[in-house]
Structure formats: structure tokens, C-alpha cells
Amino acid sequence: MRRIFLVVAVLVSAMGLGGFASPHVTLADTRNVDSWIELSTANPAPGCPIDVSIEVRSGGAPVTGVAVELALHSDGNLL
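According to this note's numbering, the sequence shown holds residues 52 to 130 in order.
Dropping the structure here:
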């Protein structure tokens with residue numbers, strides 16, 4: 052189960068930081084950021100609540116105004 056959460060965390064980071072679902076911006080409006088994502092639940096199942104903590108930082112400081120989208124997949128299926 053941890054592997055699923057790791058895959059989701061990597062995909063969310065790639066989509067959110069790669070601009071997959073966000074408007075295109077010019078080079079002057081972009082910057083490199085690091086992201087840290089933690090997902091946890093005691094009884095994972097479709098429709099169950101999940102505690103999510105997402106923090107986006109740049110240069111050691113929190114970045115404000117960053118849109119983050121989260122989708123949980125298991126074996127390629129959206130939960």
C-alpha cells in the first residue's frame with residue numbers, strides 16, 4: 052500500500068510542478084521548487100477519507116498561492 056501512496060505522491064508532484072493542468076506561463080514567471088507530500092489513512096478503500104498534507108517550498112521558504120491537485124490511483128484506476 053505504501054508503494055501506491057509513493058507513486059501518487061510522485062505523480063502529483065510531477066503534474067503540479069510540471070504545469071500539466073495549469074495555464075502556461077512565461078519563463079520570467081517560473082521558478083524551481085521542491086515539494087514534500089505525505090498521505091496517510093488507517094483503512095484505505097475507495098471513498099474513504101484520507102489525511103493529506105502538502106507543503107511546497109522554494110529556497111527553504113514556503114511558497115504561497117500554489118495550486119495543487121490530488122488524485123489517488125490504484126493499479127491505474129482512479130479511487
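Glycine included, each C-beta is placed from N, C-alpha and C at the ideal position. As the structure is a computational prediction, the values presented were derived from the model and not from experiment.
Requested in this report: Can you give me the Cβ contacts of valine 58 inside the same chain, cut-off strictly under 6 Å, excluding the 5 residues immediately before and after it?
Outcome: none
**Report entry** serine 109 to threonine 115 span [Cα, whole Å]
**Finding:** 10 Å
Query - Under the three-state DSSP convention, the category alanine 60 falls into - result: helix
Query - Residue from Ala112, Ala60 and Asp126 with nearest C-alpha to serine 104 - result: Ala60
Requested in this report: Could you tell me the distance, in whole angstroms, from the CA atom of serine 125 to the CA atom of proline 100?
Outcome: 15 Å
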